[in-house]
Each structure stands twice: as structure tokens, then as C-alpha cells.
Amino acid sequence: MKAPDTLVAEAPRGPGEFRSSQTEARSRNEDLLARYRAMRDFTARLCRDLEPEDCVVQSMPDVSPTKWHLAHTSWFFETFVVKIWMPRYRPEVPQYAYLFNSYYNAAGDMHRRDLRGLISRPTVAETYRFRDSIDQCVAQLLEGADDALLDEIEPVLTLGLNHEQQHQELLLTDIKHVLAQNPLYPVFSENAVAPENDSVAPQRFVEFEEATVMIGHDSAGFCYDNEGPRHRALVLPFSLSNRLITNGEYLEFMEAGAYTRPEFWLSLGWTTINDPASARWRAPLYWVERDGEWWNFTLSGFRRVNESEPVTHLSYFEADAYANWAGARLPTEFEWERAAAELPIIGNFVDDERFHPAPVSSSSDVNGLQQMYGDAWEWTRSAYLPYPGYRAGPGALGEYNGKFMCNQMVLRGGSCATSRNHVRLTYRNFFQPEKRWQFTGLRLARDPS
Ligand SMILES: [Fe+2]
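Quick note: the sequence shown uses the working numbering, first residue 247, plus one each step.
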């Protein structure tokens, strides 16, 4: 393989080069490049303790090998930035475009998602070299760009950085699933864990009056296209739990016969949990019963279930069934957005490198909403649908969100694997209702009695 610096990559030329003052242009270039490098470095940091053998395993069709994430995020910048604005760029291995395209039909054919674990070449080392070569191209492009060019590149580069953050989260949830298959239960990260079964803030419900509220992003700053158009929505009176449901509370549901009582379950949920192919679910993903005690696999290893922590790795079906058992329901995404409207974005995020949800201390403000951001994505009862007036954009990047608006449910708030500066009030995550390998949990809502 050729060294990255032999790649054909030329800085853009044009009449507009450095039209504005050199100082101003430089600072903007440097700022953008610094943001790019910080984002790429964090991806590498997450992988720092992984061995090459860890990085190639695909433990189920939803999971991608770490190596694939490293390559695909580089493919994104190569395809949508380098190939567009560096016309003399020639890929060293053109077939990477096929191997590392995920789902963008307009960008060409792609390798099958469920076969990613069969690809032993490029090696992990070659993948890092591919990654470095793209980083060099992007650096060269940004360093030589004038303001007019930066105006063109910045929105796509920003999308690529947000895309990278999404894959950082997937990389973590995917490697967790990979390591969980190993009877040795490898530790991804030794980190501080909460004391076991600490006291938890009591559950309270915060009431909200009926209101017509504005939903969606106001277009100031970056957002995904699925967060708009901003529009009015009527939200009827409701109340919302002050915190996430804990492992201890979910255990009570299990002890009440949760998985054996069809009255709590949606029909599709009941079918799913009793499907022999899914080994008949009887607990959240990663929970194992040993000698009458529940243990779970975490990114810090195999541990006794901590009843104080928010329950996570639940499917929508399990979250909905718990809410039914508790005499409540899941909130709609509009209720969630209304409730969170004035709250700061604070919480347990990937930045903390804890990689697991944390309990709410009993000393916290029990009358206010806690854990709205971070810890665990909150299933809502809202189907993932376009907002009024939404149209997906043209071309391959128009495939980013819009084509998935069928058969998925919306989740809000981010998780312990989400970056703090990635999530926001209007952020709409979405997964099929049976998926539970993400850090997914729940918060209860109620109608007025
Ligand atoms: Fe992607």
C-alpha cells in the first residue's frame, strides 16, 4: 500500500483565493480544521485499548465491526468532501467506495451490511492508513480554502462531523455487543462505577398544562433535516416522571411476571419476546441470572445489576409493557420536547467516558426533571414520521434521514454514549421497536386523572 502522502490531492485553486483578510481567513480555516481533528482524534481515542482482533468481529447483522466504522466515517469525508472539492484526488483503493458505503444508493453500489464481519482486508492497520490519508486531504483542502470555498465546504464538513459522532456512539454499542459474546467478558474500559444499590431520588410526576408549542429546530446552528420544519403542535395536559426508570423498578416488573403476562404487551411485542429465534426474552439485553441474582455485562465488565442505575438496553416493546404495568404510558416526542424546552443540556455523556448510565442521587432536586439528557435514550410513543412540510433533500445526502421514516419509533435525549455537543432539544433518534443494543431506557408519562 502506498504511503498516504503519495495520494494525488491538490488544494483548490480559483480567483477567489484569500479574498478576505489573511488573518480572518486563517482563523476560520484553522478553527474548522481544529474541529475536524478533535472529532477524528476522539474516534481513535475510543479505540485505543482495542486489539485488532476486537475490531473485525460482527456479532449480529445490526452490529458493524469497529474497523468498518473507522473506514466508513473516512469514506463519508472522502465521498462528500474530498472527491467534490479536490478534483485531482485519486483514491488509492477505489473498491473502498463499495466496501464502505453504508446505505447511500445515489453514491453507488454497496457491500451487504450483514457480511461486514467477513471482510478481513483491508486490515485494521491499512484502515488506519486510509483514515490518515483522508485526514491529510481534508487538512490540505481546508488550509488552502478561501472564504467562498469554506462557505461551500463547511455545511457538508459539519454534517460529516456530526455523522462521525453518531458512529462513535455506534462503535461503542457495537463493541459492547461484540465483547458480550465472549465468555471471558473482556473489559472495554476500567472506570468509576456507582456504588451498588445507592438510594435513588424518589419518583415524582411534574405536571404540564395544555399548550400550543413550537416543535422542531429554528435553524440557528446545525441540525439534521428531520428536526424541521419547525411547526406548531397542540400538547394536551400531561405529567412526566422526574427521572428515568431504574433497574430496581424494572426488576419489580420482572418479578410481577412481566415477560409471561400478555396483557402488558403489544401484539408484535408479545410475538417478539416469545420468538424462539430470540431465545425468548426474559430480561433486558445483557442481563444474566446466576444463582438467583441478576448480573449484567457493561463496558466495564460483568457486574451485579445495580438497582439504582437507570435500566437500559430495553426494546420499545419492553419500555411500553413496563409503562402499562406501572399504570402509565410513554411520553410523545412533543411532550418530551415541551418538557425539556428550558432545560440545560447537562448529563452523563460519552465525554465523561463512564460508558454506562448513572443513578440520580437522592439529594438531587426531586421536583425538577432529571436525566432528560444523557444516560439512556428515552423511548417515546411517537412513530418516526416527517414533520409537516418536510421534504428530503436531493442527492445522496438526502438519503441521510428521510428514507427511514417508516416502522421506527423516536427516542429523545441522548445517552452515556452520545457526545454532549451532539444532542439537542429537537434531536430525533430512531430505531425499530425490537432493537435494544443501544443505550435505550424509559421515562413514564401520565394523562390527567
Ligand atoms: Fe454512516
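Heads up, the beta-carbon is just placed ideally off N, CA and C, and yes, glycines get one too.
Can you give me the start and stop residues for the alpha helix (DSSP H) that Leu316 sits inside?
Counting from 1 along the sequence shown, the entry for residue 316 is found at position 70. 312-323 is the span of the alpha helix (DSSP H), which, as asked, contains Leu316.
Would you verify that the beta carbon of Asp693 is, or is not, closer than 8 Å to some beta carbon of chain C?
In the structure shown, chain C cannot be found, because there is only a single protein chain.
Own chain partners of Phe510 with C-beta closer than 6 Å, once the 5 adjacent residues on each side are dropped
Position 264 of the sequence shown, counting from 1, holds the residue named residue 510. Same-chain partners within the cutoff: Ala567, Asn570, Trp571.
Verify whether the separation of the beta carbon atoms of Gly635 and Pro475 is less than 8 Å.
For the purposes of this step, residue 635 is identified with residue 389 of the sequence shown, where counting begins at 1. For the purposes of this step, residue 475 is identified with residue 229 of the sequence shown, where counting begins at 1. In contact: Gly635 and Pro475 (Cβ atoms closer than 8 Å).
Cβ-heavy atom distance, Ser348 to ligand 1, below 7 Å
Taking the first residue of the sequence shown as position 1, residue 348 is located at position 102. Answer for Ser348: yes, Cβ within range of ligand 1.
Could you spell out where the alpha helix (DSSP H) holding Glu495 opens and where it closes?
Within the sequence shown, the letter at position 249 stands for residue 495. Residues 493-501.
At the level of alpha carbons, what is the spacing between Met651 and Ala502?
Against the sequence shown, residue 651 aligns to sequence position 405. Against the sequence shown, residue 502 aligns to sequence position 256. Met651 and Ala502: Cα-Cα distance of roughly 35 Å.
With DSSP as the reference, label Val557 as helix, strand or coil.
As a first step, residue 557 is located in the sequence shown; it is residue number 311 there, counting from the start. Here Val557 carries a coil assignment [DSSP, helix/strand/coil].
May I ask you to verify whether the stretch 572-583 touches the stretch 657-677, counting CB pairs closer than 8 Å and requiring at least 3?
In the pairwise beta carbon analysis, the stretch 572-583 is classified as touching the stretch 657-677: at least three pairs are separated by under 8 Å.
What I want to know is whether the C-beta of His413 ends up closer than 7 Å to one or more non-hydrogen atoms of ligand 1.
Counting from 1 along the sequence shown, the entry for residue 413 is found at position 167. Yes, the Cβ of His413 comes within 7 Å of a heavy atom of ligand 1.
Three-state secondary structure (DSSP) at His413?
Position 167 of the sequence shown, counting from 1, holds the residue named residue 413. Residue state, collapsed to three classes: helix.
Would Trp541 and Val534 qualify as a contact pair, given that the criterion is a beta-carbon distance under 8 Å?
On the sequence shown, position 295 is the one that residue 541 refers to. On the sequence shown, position 288 is the one that residue 534 refers to. In this structure, Val534 lies closer than 8 Å to Trp541 by Cβ.
Can you tell me where the alpha helix (DSSP H) holding Val384 begins and where it ends?
For the purposes of this step, residue 384 is identified with residue 138 of the sequence shown, where counting begins at 1. For Val384, the enclosing alpha helix (DSSP H) has its first and last residue at 370-389.
CB-CB length for Ala426 against Tyr505, believed under 8 Å
As a first step, residue 426 must be located in the sequence shown, where it is residue number 180. As a first step, residue 505 must be located in the sequence shown, where it is residue number 259. With a Cβ gap of about 20 Å, Ala426 and Tyr505 do not count as contacting.
Element boundaries [beta strand (DSSP E), containing Phe676]
Reading the sequence shown from its first residue, position 430 is the one you call residue 676. Unbroken beta strand (DSSP E) run through Phe676: 675-677.
CB contact flag (Phe685, Pro603, <8 Å):
Within the sequence shown, numbered from 1, the residue matching residue 685 stands at position 439. Within the sequence shown, numbered from 1, the residue matching residue 603 stands at position 357. For Phe685 and Pro603, yes; Cβs fall inside 8 Å.
Go through its chain and collect everything with a Cβ distance to Glu539's Cβ below 7 Å, but skip five positions before and after it.
The residue given as residue 539 occupies position 293 in the sequence shown. Scanning its chain for C-beta atoms nearer than 7 Å, with the 5 sequence neighbours on each side dropped, one finds around Glu539 the residues Arg550, in chain order.
Member of Leu364, Asp444, Ser610, Tyr470 whose CA lies at the smallest distance from the CA of Arg637
For the purposes of this step, residue 637 is taken as residue 391 along the sequence shown, with counting starting at 1. Comparing Cα-Cα distances from Arg637 to each of Leu364, Asp444, Ser610, Tyr470, the minimum goes to Tyr470.
Thinking just about the alpha-carbon of each residue, which of Leu690, Ser695, Arg274, Leu279 is nearest to the one in Leu486?
Along the sequence shown, read from residue 1 onward, the residue named residue 486 stands at position 240. Per the Cα distances, Leu690.
Is it buried or exposed, Ser561, if we count other Cβ atoms within 10 angstroms and call 16 or more buried?
Within the sequence shown, numbered from 1, the residue matching residue 561 stands at position 315. Burial call: buried.
Can you tell me the Cβ-Cβ gap for Tyr342 and Trp321, rounded? I've got them flagged as a contact below 8 Å.
Here the question's residue 342 lines up with position 96 in the sequence shown. Here the question's residue 321 lines up with position 75 in the sequence shown. Their Cβ separation, rounded to whole angstroms, is 6 Å, which keeps Tyr342 and Trp321 in contact under 8 Å.
Since Pro311 and Asp360 are thought to touch, with beta carbons under 8 Å apart, how far apart are those beta carbons, to the nearest angstrom?
Here the question's residue 311 lines up with position 65 in the sequence shown. Here the question's residue 360 lines up with position 114 in the sequence shown. Not quite, the Cβ-Cβ distance comes to about 12 Å (not below 8 Å), so this is no contact.
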